[in-house]
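If you number the sequence shown the way my numbering does, the last residue is 56 and the count never jumps. Have a look at the structure below before the remarks.
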Amino acid sequence: MDRTVCIDDTAKYYLKKYMDSRTDNNLALFVSGIAPVRRLERHGVREILEAA
Numbered sequence: 005m006d007r008t009v010c011i012d013d014t015a016k017y018y019l020k021k022y023m024d025s026r027t028d029n030n031l032a033l034f035v036s037g038i039a040p041v042r043r044l045e046r047h048g049v050r051e052i053l054e055a056a
């Protein structure tokens with residue numbers, strides 16, 4: 005699913021840094037940190053936020 009979002013220059017800068025650092029070939033913007041790399045889903049985001 006494609007979505008268009010508006011981001012400012014700071015967010016664009018950090019998203020580019022993040023994308024440049026990735027070594028997988030998954031098309032999802034946010035992916036899991038463990039192999040096999042898969043699209044990060046809602047429960048994964050929830051776990052990350054609860055751990056923060």
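Glycine is no exception: its CB is placed at the ideal position from the N, C-alpha and C atoms. Source: prediction; values computed, not measured.
Coil, strand or helix - VAL9 by DSSP: Against the sequence shown, residue 9 aligns to sequence position 5. Three-state result, VAL9: coil.
Just verifying my parser: in three-state terms, what is the DSSP assignment at ARG43? Here residue 43 corresponds to residue number 39 of the sequence shown, with the count starting at 1. In this structure, DSSP gives ARG43 an extended state, which the three-state scheme calls strand.
Once you ignore the five residues that flank ILE11 on each side, which residues in its own chain have a CB closer than 8 Å to its CB? What you label residue 11 is simply residue 7 of the sequence shown in a count that begins at 1. Closer than 8 Å at the Cβ level, and outside the excluded window around ILE11, lie LEU19.
Out of curiosity, what's the CA-to-CA distance linking GLY48 and GLU54? To locate residue 48, count along the sequence shown from 1; it is residue 44. To locate residue 54, count along the sequence shown from 1; it is residue 50. Straight-line Cα distance between these residues: approximately 10 Å.
Between the C-alpha atoms of THR27 and THR14, what's the straight-line distance to the nearest angstrom? Residue 27 sits at position 23 when you count from the first residue of the sequence shown. Residue 14 sits at position 10 when you count from the first residue of the sequence shown. Looking at the two C-alpha atoms, the distance is approximately 23 Å.
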